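Written out below as structure tokens is the structure these notes cover.
Right, here's the structure in full:
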């Protein structure tokens, strides 16, 4: 019974899918065409190519006629008629006519055209009539230049995405046609795969098609789907109208109508789209979207949605058999044209939603699997001819896994790019102090951090300092000079000052045995500063060899830096308070600005030395072909080492050594990446780090604590066979593609792709090593230009089991498309089957079946 209801509902939905309107009929709707389709020429022929127009009588042509033909042009003086044969062409104002045979009656202002019979008996060079860029193909045509009326036998024309075919036509003016036995389709075959057939229709070119009763025909098979009268908008400009919903049937939601609503073309610059979904079991969704575009100024789009998902029966809510989830989303993108205001730019990319919105409302795997959202709105101001810039931004970050979000409302940054205040106007030799550079930055923001529960209860944001604000200043002085002509020395001085709206004071509560924290509001200044210097150079090593491997080049870029920071923990700065922390009288120093914006905990000062070494290896391969010469290739694109030594620390002076390497092979098809961390110090029997070298403690030069190794392999092959089909007038294909062609042998040149990515990670925690391994694979194959099979999957090599897997199948049916998407297992197990017309105007002409987890 349920399947029968579903079938009836789908048929009704398809019927409603064609926009309906009252039929419009001309007062004189009789169509009669009587055109003599003779190709015989008068006995006397005189080859002419003339622009001269005889004029006599009231019906004589009132404009200049240009005409020519390939074989012959003859003129009957008595009748005032010219006859053109083979590839004839006539121009009259904004009208062009091409045909195998054309007769022009200059006195009556009437032209008659038809095709000609070739040596095989087929009619070729059928008339192509063009008026103001609009083309009409026909078998015969009789057109009056003065009245702009015509009678046409068998017409084909294009309106928007669609093609209109008719048997007999009466053209009453430049835009209005009455057609008998009309067929409307978006298939560009001369004999289309599907069409909508009506006995009579009225066409207003570029605006609409109005029909009487119309039936849908597929592959010459009449279907029971019809409309009593129809209206097909063909406007070249956007027009407002109703959006017809599609139908679905889901076990947990019931029967549903999806995507129905209204499209409003507000003006030439923007539109509004209101759509919604509704199900018989109480689930619904509301969506609004808008696109806007002002040429040479800006463009963008905005969308928002709200949904209520109900599953189960409310009567069994106490038994846990009913749930209700409310979700929303908001998306906005805005791009300003770079030429509109070079000194003032506004760009936006906003995307946030409740954590379950896409899981409940989307079948797109990318939407369902995304775990975080990021948004930003940026306003940038520059002052031409000055080093000053101003940026104001609103940012939002959301982590669905941790159920948290943060927002900057707003963040303002003022910057002065590097200037050289002591630079002279190029007079004399450059002095050392002219290379001194000065930079300045001011950052300020209001920051909010909370869980996603704040979306439902905004009052939470006023609790427990979830909302913070502050400002930070940074001033830097830099200088550079050459050392021994091959190294660059760059000293710098940095000063920073944070403006903070409050500070904390701590006291011991002997009654409750806890440390109390009190907030003192007021202006506070947190200062920082440092001095540093670095030097870098490049060392080249070039080695030449005999044989095919002809050369090796090694480039090393060492960098050594030293920095010093004053001790900001002394009583002079008043950044710490000593407070009792337990009943035994133990004390500790606590930072009075702990957790505030821009309040980085100041250290005890001291100095450090940083070391960094970058390596690149290139090679040359000598070809046996002298004309090719030598070919360069990468042996190692990157091999970097970095570490630091803390001059002020009492222990653990050396920082772990960071190693990073990567390379690609086979023209980028195979890539390898590695990142590792190696500790200089060892561990004891409990896994605790000790201030003894790993060599002395554990018998190892370095102790490996973390590794990440990955590779990706990208393979592809095959080639696409010829798919172009010969086309005739209006882009119509003369022959239908052969979708059932049988090949004698398998097509081994089919297009295919196969991509592998592997990741291996280890992390040492105490005495345990945690390991993760994943293997992902994606691929596709196109055995023919019309078939495509794709898949995506992965395997967890540590825990075992396949990761999220999808299989996609697509079939190009010329003017139709068939698609299948299958998620075979997991919590998102589902499938979707759809066959639909490609043309956007027939979005509702489709059959779709979808099932999710719990419905299979």
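In my numbering, the protein residues as written are 1306 to 2161. Even for Gly, the Cβ is constructed at its ideal location relative to N, Cα and C. For clarity, every value in this text was computed on a predicted model and none was experimentally measured.
The Cβ atoms of residue 1558 and residue 1604 do not sit closer than 8 Å to each other. In this structure, residue 1637 keeps its C-beta atom at 8 Å or more from the C-beta atom of residue 1684. Under DSSP, the beta-bridge partners assigned to residue 1598 are 1604. The residue among 1513, 1478, 1857, 1783 with its C-alpha nearest the C-alpha of residue 1544 is 1513. In terms of Cβ geometry, residue 1434 and residue 1443 form a close pair [threshold 8 Å]. Residue 1415 sits away from residue 1407, with the two beta carbons spaced by 8 Å or more. The alpha helix (DSSP H) runs lying completely inside the stretch 1828-1910 and spanning 4 residues or more number zero. Scanning 1919, 1926, 1832 for the CA closest to the CA of residue 1849 turns up 1926. Between residue 2012 and residue 2067, the beta carbon gap of about 5 Å places them in contact (Cβ cut-off 8 Å). If you draw a 10 Å sphere on the C-beta of residue 1429, you find fewer than 16 other C-beta atoms in it, and that means exposed.
Here residue 1721 has 1692, 1693, 1745 as same chain residues with Cβ atoms under 6 Å from its own Cβ, once five neighbours each way along the sequence are excluded. In its chain, beyond the 5 residues on either side, 1601, 1602, 1603 have a beta carbon closer than 7 Å to the beta carbon of residue 1642.
For the stretch 1663-1712, the full-length alpha helix (DSSP H) segments reaching 4 residues or more read 1670-1674 along the chain. By the Cβ neighbour-count rule, residue 1955 is exposed, with fewer than 16 other Cβ atoms within 10 Å of its own. Judged by pairs of C-beta atoms under 8 Å, the stretch 1797-1806 touches the stretch 1777-1788, as three or more such pairs exist.
Judged by DSSP secondary structure, residue 1768 falls outside any beta strand (DSSP E); it is assigned neither H nor E. Of all alpha-carbon atoms in 2149, 1717, 1924, the one lying nearest the alpha-carbon of residue 1563 is that of 2149. Taking the CA atoms as reference points, residue 1515 sits about 14 Å from residue 1531.
Distance between residue 1836 and residue 1963, taken at the CA atoms: about 24 Å.
Runs of the beta strand (DSSP E) lying entirely within the stretch 1487-1538 and spanning at least 3 residues, in chain order: 1499-1509, 1513-1516, 1519-1523, 1526-1532, 1535-1538. Beta-bridge pairing by DSSP links residue 1823 to 1810.
Per DSSP, residue 1463 lies in no alpha helix (DSSP H) segment; the continuous beta strand (DSSP E) that holds it begins and ends at 1454-1464. Boundaries of the alpha helix (DSSP H) harbouring residue 1999: 1999-2003, taken from the DSSP string. Distance from the CA atom of residue 1436 to the CA atom of residue 1399, rounded to whole angstroms, is 6 Å. Put simply, the backbone Cα of residue 1767 is about 13 Å away from that of residue 1760. Cα atoms of residue 1525 and residue 1461: separation of roughly 18 Å, rounded to the nearest angstrom. In this structure the stretch 2003-2017 touches the stretch 1976-1989; the number of beta carbon pairs closer than 8 Å is three or more. It is roughly 5 Å from the alpha-carbon of residue 1445 to the alpha-carbon of residue 1458.
When the Cα atoms are used, residue 1455 and residue 1381 turn out to be separated by approximately 23 Å. Comparing alpha-carbon positions, the option among 1448, 1900, 1681, 1567 lying closest to residue 1713 turns out to be 1681.
The alpha carbon of residue 1599 has as its nearest neighbour, out of 1580, 1576, 2108, the alpha carbon of 1576. Distances from the alpha-carbon of residue 1947 to those of 1934, 1958, 1918 put 1918 closest.
A contact between stretches requires three or more CB pairs, one per stretch, nearer than 8 Å, and the stretch 2095-2105 meets this requirement with the stretch 2071-2084. Between the alpha carbons of residue 2135 and residue 2124 lies a gap of roughly 14 Å. For residue 1623, the number of other beta carbons within 10 angstroms of its own is below 16, and it is reported as exposed. Per the Cβ contact rule, the stretch 1723-1734 is not in contact with the stretch 1874-1892 (fewer than 3 Cβ pairs under 8 Å).
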